[in-house]
Structures are given as structure tokens and as C-alpha cells.
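Residues in the sequence shown are numbered from 3 upward in steps of one, following our numbering. Positions of the beta carbon are idealized from the N, C-alpha and C atoms, including for glycine. Computed from a predicted model, the values in this text were never measured in an experiment. These notes are about the structure you will find just below.
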Amino acid sequence: MKNRLVLLSLAFVLAVAAWAMTPAQRIGRLRSASLLMIEREGKDPLRVYSKPDVRPLVNLFKVDSGAVRGYEGGKTFYNLSFYRSEGSKPLEVLWVKSSGVWGFKGSPEGYGRNRDIVTWLEKAESR
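The following block contains the structure:
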């Protein structure tokens, strides 16, 4: 009985691990976002509505851990919260540094680097 319980527990853990989302899958989920909240320290949050407005930013996020080599910590420049609709829980929250290095909230690890993300966000702020 004890062995059967151990095997069942192990099977459950393996099944959960197989269902865990990779960073690329997490970014892919953002394609359904229709609301983006941009937060920058010391400034009021900025909202960007509609999929056509959010989609160009989502397309800039490419998972490339090799591009992050030599990345040093530092202050988060932007926090981006992606929502499916008004009033829903965020699909994902990302942080972006001024160098373009980005990652997922709660994880200090950078998953890619693209300075165009910061440029896009700066343009959105100036609108």
C-alpha cells in the first residue's frame, strides 16, 4: 500500500512538471491580452487598450537567455501587467530594465534583451 502511494505521488509530480509552462509559452499567452498597464516608479500608471495596440509590444518579447549574459541586476525600469479584460486578474506581469533586459515578476532571472521594448514604452508614455 505504501509503495503504491509513493508511485502515485511520483506520477503526479511528473505530470505537474510536464504541464509547467516554459517562458516561451508564457509569452505566447500574452497574445490574448487586450489591456496593458505600464507602471514606472514615480509616475502614474499608464493603460494601453485594445489588442492592436498591445500586440506590437508582445511581439518584441523573444526568449533568448544567451542575450542576457553579462546582465547585472539593477533597478526595474518598468513593470508591465497584461490583462485579458478590464477587471480580470493579470495574465502575466513582466519587469523591464532600462537596458532592455526583461523577466517575469517574482524571478530575478532575465529571459531576453531587446532595447526596442524600452523605446516602445517610452513612446507610449509620451502619447
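The bridge partners DSSP lists for Phe-79 come to none.
For the set Val-56, Glu-111, Trp-122 and Lys-77, the Cα lying nearest the Cα of Pro-25 is the one of Glu-111.
With respect to Met-39, Ser-90 sits apart: the two C-beta atoms are not nearer than 8 Å. A direct Cα-Cα distance of roughly 10 Å separates Phe-63 from Arg-117.
When DSSP states are grouped into helix, strand and coil, Gly-108 belongs to the coil group. Of all alpha-carbon atoms in Thr-78, Asn-61, Ser-100 and Leu-96, the one lying nearest the alpha-carbon of Tyr-85 is that of Leu-96. The beta carbon of Ser-36 lies closer than 8 Å to those of Tyr-51, Ser-52, Lys-53, Val-56, Tyr-85, Arg-86 and Ser-87 in the same chain, with the five residues before and after it left out.
Only buried fits Lys-99, as 16 or more other CB atoms lie within 10 angstroms of its CB. When DSSP states are grouped into helix, strand and coil, Leu-10 belongs to the helix group.
With a cutoff of 8 Å on beta-carbon distance, Tyr-80 and Leu-10 are scored as not near each other. In the three-state reduction of the DSSP assignment, Pro-92 falls in the strand class, which pools E and B.
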